[in-house]
Amino acid sequence: MIVCENAETVQVLLDLPGVMALSGSGYAISGLLEVSWVQAVPILYWGDLDADGFRILDRARHHHPRVRSVLMDRRTFAAHRELSVHVEPRTPVTTTQLTDAEQSLHADLATTGERLEQERIEIGFAVAALRTAVDDASA
């Protein structure tokens, strides 16, 4: 199952065969991950590449420690940096559930105020990465 931060992205994923995509509705993801049957399935999380996206991922892992992020890495950001926008920089919050690589990118994006919304990522790039992640999660 793929949980996306934004409902618009879910609409794109509904056409992918064999993929269940749900909107986590931003910080409301906690409620979704408390549903009993969700606890039994592999969860992939695709959020915006920004401070909030990583905070939501951190929160998701508090409820479901095996949540894996997808398209939330430096490679994705670098490939689409020209599509990012600037927001007010902020002090990164302390997270306990992010990997070192995720925490590093979270800190960089928070302090520079860079933000890449998931809807801006080129769809072919996204679908290829999501397919690979789904296949890996199913193995």
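For the sequence shown, the positions run 1 to 139 when the working numbering is used.
Where is the CB? At the ideal position from N, CA and C, for every residue including glycine.
{"query": "In the DSSP output, what is A21 paired with across the bridge?", "result": "I2"}
{"query": "With distance defined between alpha-carbon atoms, name the residue in Q103, Q39, Y45, V41 nearest to S25.", "result": "Y45"}
{"query": "What three-state label does DSSP hand V85 in the structure shown?", "result": "strand"}
{"query": "Thinking just about the alpha-carbon of each residue, which of S36, S69, E117 is nearest to the one in Q97?", "result": "S69"}
{"query": "Alpha helix (DSSP H) containing L140: first to last residue?", "result": "What the structure shows of the chain is the stretch from 1 to 139, and residue 140 is not part of that stretch, so it cannot be assessed."}
{"query": "Quick one: grab the DSSP three-state call for R115.", "result": "strand"}
{"query": "Tell me which residues share the same chain as I29 and place their Cβ nearer than 7 Å to its Cβ, disregarding the 5 neighbours each side in the sequence.", "result": "V3, I56, R59, A60"}
{"query": "Hey, M72 and G113 are a contact pair by Cβ (cut 8 Å); roughly how many whole angstroms apart?", "result": "The pair is not a contact, with the Cβ atoms about 17 Å apart (cut-off 8 Å)."}
{"query": "Determine the DSSP secondary structure at L49, reduced to helix, strand or coil.", "result": "strand"}
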